[in-house]
Amino acid sequence: MTIIRDHSYLFVCLAVACGGARDPSGLAFLERDRAVTAATADSPGQAEIVCANNVRFFGRSSAAAGTSVTATTFDSKRLPRKCTGAVLSDQTWSCRQTLADGGYTWTAQVGEDGPFSQQVDFVVSTGRSPAPTIDHTPSPNSDPKPILTGTVSSQLVNRGFYLEVTENGQAICIVSPIHSTNWSCPLSSNLAEGSHTLSVDVDESDGDEATPSGNSNAFTVKTKIGNPTLVAVPTPTSSTSIPFSGTGEPGAVVTVAEGTTVLCQTTVSMDRAWACISPQALGDGDHDIAATQRDAAGNVSDVNAAKISFTIDTRMPAAPTLQAPASPTDNPQITFHGTGEAGATVSVIDSYSRLLCSVKATAAGAWSCAPASAVADGDYLLTAFQVTLAGNRSGPSAAALLSVRTLKTPAFDVPASPTRETSPALTGNAQTDAMVSVYLGEVVACQTTAGSSGTWSCRPSALADGAYLFQAVVTDPLSHVSNPSVARALVIDTTAPGAPVLDQPPARTRKREPTLSGTAEAGSSVSVIDANTGEPVCAATATSAGTFQCAAGTELALGEHSVTATATDAAGNASLQALAVAFTVTDALPSAPTIESPANGTELVQRRPVISGLTQPGTLVEISLDGSSYVAQNVSDAAASRFAIVETGFARGGCATGGVPAPLLAVLALLFAATRRSRRGDTIRLVAGVLALVAAPSASRAQNIDVSLFRPAAGGDGFAAVEGARPPVDGESRLEVRTWTDYAVHPLTFVTASGAERPVVRDRAAQWLGAQIHLIGLLSFAAQVPVTVSERGDLSQLPPSSRGPSELLSGFADIRLTPRLALLRQEWAGIDLATQMSFEFPTARAQTLSSDGRVRVEALVSIGRSLAAVPAGSLDLLANAYVRARPAREFLDVKSGSEAGLRAGVGYGIAPFRAWIPRRIYLELEGRSFLRAGFAAGSVPAEWRLGGTLCPAGNLAIDVAGGSALTDGVGAPRARFLLGLGWSPAACSQSYANEQLARAAPPVEPPRTPAPEPAPPTIAQSLALPAPPAAPDRDGDGIPDDDDACPDQPGIAENHGCPQGTRQRVVVSATSLEILDQVHFATGQARIEKKSWWLLDQVAAVLKSHPDLLLVEVEGHTDDRGPSSFNILLSQARAQAVTDYLIGRGVDRERLVARGFGPTRPVATNGTVEGRAANRRVAFTVVKTRARVIEAEKPPDS
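Residue numbers (this note's numbering): 65 to 1262.
The structure is reproduced here in structure tokens:
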């Protein structure tokens, strides 16, 4: 036998005897793959006949050198025999066994527990014929009648021998005669289930054995397999990766499938268990799963024997509902209620995710649960969630609040307040032995334990003066807190009130129980006592305004008395004594006063004479004149006490008479005459008559001081109160009529000596009726009639020197007449400057606080300037400075009289484009000062106002404004609201810059007729260019397309290439585009008027039909009227408006560029109306064509 390394060969001995001839047709070379460490059974090879009893077993192994390899042989009776060798350095091994003649099967194993090699069958033959071999039947085998095969020596073929296969000595198959060295034998009957060991030999015809028994064939017949088990899957489930498991036959392959889809496969372990999981996730829904098993013999179990069904549900359920429990509650046994998904488990948790209770929802979806133990005191934020049967958890429900308070709220007694005790006792009631904490805000002020009777008391540490708010709570050892008690306010006041001030009573009085009055801290208790004896005289409580009065409780004795007073506040703090006042109680009557001037029967020329005389010192003189009473002023000297009174306006020669105020008649007459077209002489005579009428006597009397700060501007060129600097001139509207409603809140407030404030005038509503008329040249005249519509106030609580009635009256206020003179106009001087003189006549009704009782004169200078302007509007500044002559008065502690004032305003004028968009928005400031007061408190009133003007229709102006005081002063209100309404061309006109453009604009042209008109002067010319190359004529009218305004429609040269009958006003060439008409805009704006739309439609049509004009510059030009910067901006806006219009008509945006030149490129003189009209234009310049770029002509010097 020859061994070739790395291979093993099968040698078959075919000779009749050892060493005989070999049949080369039976030689086969078999190469075997080897495992890494397994031993190979190389020799003897499969079906090899070994002609010696000492058999050498040989093979290879990749195991380490020295590793043992055991060769095991089995004879026909499956008796094992072994020999052991070691792996050599060349990875070979060998060992020897002595075997009797016969057939054998052998395998090799590395080590004691290493893998076995494949089985190899061989034959040992040293004498007789070699034993046959039988092939190994696959085991287990599902065929109970397998076909048995094998080999036999060729010397036994066709020699009368027969082959016999036996099991346990019983023949089960006979091959007779033997016709081939490869034999096969089908079984005639089924083998029994189980293990079988077959052997084979060849016998002679007489039954004697011709050969020894060959190798054994051991196998198992298995024709059926049991059913596996499949463990049920919980249903429903939220898992999409389901683990399947069960039991089966060891070694069988279990297949888990859904229908025809295999989910997973696995092999049953030796302990009969199996498990597998589908690599693919299963979808939501119902699933029917079956498991089958298949053994090595190919037997398959019943597909319907192991089945389960389940449902996968991965959806997230909706959150359950949680009904808000009653809260707060003192019952710790809480039951929660709500709704959820049927069968789902609902859990209630707090904000710390602590579980309170869980329960399953009923089939109807309702649930309720209660915590196993009482809920501890505290505040809880509760939510509920639910977990479905599939294990899917919902989000949280809407949160519900729960406040458990088993601790009773303590009772907190009302403390005595205010108090001057800095550490007062705080008391109340609570549960016995409860810990009571009194809180001041978030800080514990004091703590105590309630006694056996439940009462508690504690004192905070010393508190400073001020107001405090306390609350009490009860706490337990677990730090649970009860609901807070009712809050109790406490005022600590250790400051004594200021000493009261006693009013000086009459020096002599006949009253034995006189009434004493004065001022003290509001709400304090005032005790008036005798300054000498300390005996109480009377007591009173100061009002909220800080005044008090009381009558003596007992009759005072005749004679001199001196009294003082003290004030005690609610906390018990007593003030110092007031300065004592003295008076005399007497029963003697004063002597009658005498009138010294005017003498009886005297004829007076003064309308306001001084009435004076003598009276007894300390007396008050009341003068009765024509049914009206006047109180005289006492002027004491060494001899006697003198008195004097100045009468206000009784008529010449006798009593005053009622009627319409003369100045009002004068205004009406003046306005009526001004609206008439009279000659200048008539006007002069009329003015003289008006002045005479103004000088006529007036029968009205007014309260002797005017506390109003607001006076509306005379004309619409101003703002609300800031006077304008541009009154009407020739050519502008002659008449303007406006009315203003002025509502002021707290225009007059009295501040007492203690600092308390009391509104004297709570509110006032006034109406101003005004008109302005343009008279001659730069002169205009305005009249304003104010009416006090309503006025609420009370002067009865003021000090005696200023005390008045408890109710104020309404009626006419002082009429205001204002001539105005325009000095400069911004058009020629750069600024607007005007001056005016206002006369206010005492036509006010008494007790309206709207008149000084005398004629007042105001001189005012107004200046204005347009600071900046843009196409959408302008920014304008106005300023007024004025001096007003007024009579000297003393009202309360304010010295009024002649005053100086300033007004300033800034306005933003908006170009009109919507009726209800304000035409202007303005802010104004106003302040004044009484000159003789020297900026004393209350004598410098100032306020601000913010407003706007709307012009919804024509010159109808609506003003809305509001503001408030900037400083404390007479007439400066807490809030002021203004509403203006009237016909005011000045208010609704353009702003200063736009107004100048409007004045320079030509009159609106009438609609054009179809008849052709001469073309205007050429606006701009390009530099001469070489003649363009010949262009095609698309419409065949003989006019090249470059010069044809209508290249796609046959036309005539006289109409620039367009059809006859359509007036073409746009001329085009290869390098230029000219319009023969003007583009008209709204005055002073960038809004294109409708009458120019047809012209721009022609421009758009020409541009779209001439795509070779790649870039066209749209130019805007103006004349030189107005600021140059504004004109440039306006021209740019107009050029952009034309550009946007053409883009809207289909011209590409990239082909147009807008540029404003303002007045820098005139084509005519600006010295004439016609020249300025020609300079206000829109022109088109071709900048780039498809052939070349064109440089625009430079402008001439201007």
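Built from N, CA and C at the ideal position, the CB exists for glycine as well. Model, not experiment: these values are computed from the prediction.
Where does residue i fall in DSSP's three states?
{"i": "A997", "result": "helix"}
{"i": "I1207", "result": "helix"}
{"i": "L327", "result": "strand"}
{"i": "I1192", "result": "helix"}
{"i": "P1092", "result": "With a pLDDT of 44 at P1092, under the threshold of 50, the modelled position of this residue cannot be trusted, and the question is left open."}
{"i": "Q890", "result": "helix"}
{"i": "A475", "result": "strand"}
{"i": "E1214", "result": "helix"}
{"i": "T1249", "result": "strand"}
{"i": "Q1142", "result": "coil"}
{"i": "L446", "result": "strand"}
{"i": "S849", "result": "Residue 849 is actually Val in this sequence, not Ser. Of the three classes helix, strand and coil, the one that applies to V849 here is strand, per DSSP."}
{"i": "K1273", "result": "What the structure shows of the chain is the stretch from 65 to 1262, and residue 1273 is not part of that stretch, so it cannot be assessed."}
{"i": "D321", "result": "The question names Asp, yet the displayed sequence has Ala at residue 321. If DSSP states are grouped into helix, strand and coil, A321 belongs with the strands."}
{"i": "K1154", "result": "helix"}
{"i": "S305", "result": "coil"}
Nearest CA to the CA of residue i: which residue from the options?
{"i": "W170", "options": "P196, T385, V326, A135", "result": "A135"}
{"i": "M901", "options": "S915, R884, D916, T385", "result": "R884"}
{"i": "P1049", "options": "R983, A586, G1027", "result": "R983"}
{"i": "K141", "options": "S126, G123, G166, S153", "result": "G166"}
{"i": "P564", "options": "V550, L527, R576, E585", "result": "E585"}
{"i": "A656", "options": "I687, F1190, N637", "result": "I687"}
{"i": "I895", "options": "P1187, A629, F612", "result": "P1187"}
{"i": "L1216", "options": "A631, V1178, R1241, Y503", "result": "V1178"}
{"i": "F647", "options": "A425, S467, D567", "result": "D567"}
{"i": "S391", "options": "L227, G429, A464, D348", "result": "A464"}
{"i": "T403", "options": "H1144, C1122, T426, S417", "result": "T426"}
{"i": "A462", "options": "A282, Q450, L471, N456", "result": "Q450"}
{"i": "L1014", "options": "V1034, W1008, T813, L1043", "result": "L1043"}
{"i": "P869", "options": "A105, L913, Q831", "result": "L913"}
{"i": "L1030", "options": "L773, E821, S874, F1145", "result": "L773"}
{"i": "Y532", "options": "L327, G857, S481, F1244", "result": "S481"}
{"i": "D770", "options": "L490, P204, A877", "result": "A877"}
{"i": "P823", "options": "T618, C1052, A609, D359", "result": "A609"}
{"i": "G973", "options": "G1027, V1004, G1148", "result": "G1148"}
Mind checking which residues open and close the beta strand (DSSP E) that includes residue i?
{"i": "P600", "result": "600 to 605"}
{"i": "V1004", "result": "1003 to 1017"}
{"i": "E1234", "result": "Looking at the DSSP string, E1234 is not in any beta strand (DSSP E); the run it does join, the alpha helix (DSSP H), is 1233 to 1239."}
{"i": "M901", "result": "896 to 905"}
{"i": "F46", "result": "Outside the displayed range of the chain (65 to 1262) lies residue 46, so it cannot be described from this structure."}
{"i": "G961", "result": "No beta strand (DSSP E) holds G961; DSSP gives it neither H nor E."}
{"i": "M380", "result": "Here M380 belongs to no beta strand (DSSP E), and DSSP marks it neither H nor E."}
{"i": "P823", "result": "821 to 840"}
{"i": "L643", "result": "No beta strand (DSSP E) holds L643; DSSP gives it neither H nor E."}
{"i": "V133", "result": "132 to 138"}
{"i": "W804", "result": "799 to 815"}
{"i": "I556", "result": "552 to 556"}
{"i": "L490", "result": "490 to 493"}
Assuming residue i and residue j are in contact, meaning their beta carbons sit under 8 angstroms apart, how far apart are those beta carbons, in whole angstroms?
{"i": "S411", "j": "A448", "result": "7 angstroms"}
{"i": "V550", "j": "D594", "result": "That belief does not hold up - the Cβ atoms of V550 and D594 are roughly 46 angstroms apart, past 8 angstroms."}
{"i": "N368", "j": "A354", "result": "7 angstroms"}
{"i": "P44", "j": "R918", "result": "Since the displayed the chain opens at 65 and closes at 1262, residue 44 lies outside it and no answer follows."}
Along the chain, where does the alpha helix (DSSP H) that runs through residue i open and close?
{"i": "L1160", "result": "1157 to 1169"}
{"i": "A1050", "result": "1049 to 1052"}
Hey, is residue i close to the ligand NAD, as in C-beta under 6 angstroms from one of its heavy atoms?
{"i": "K424", "result": "In the structure on display, the ligand NAD does not appear, and there are no ligands present to speak of."}
With a floor of 3 residues, list each beta strand (DSSP E) that falls wholly inside the segment 234 to 275, ordered by position along the chain.
Here the runs fully enclosed are 234 to 239, 246 to 250, 258 to 267.
Entirely within the segment 330 to 377 and at least 4 residues each: give me those alpha helix (DSSP H) ranges in chain order.
Within the segment 330 to 377, no complete alpha helix (DSSP H) run reaches 4 residues.
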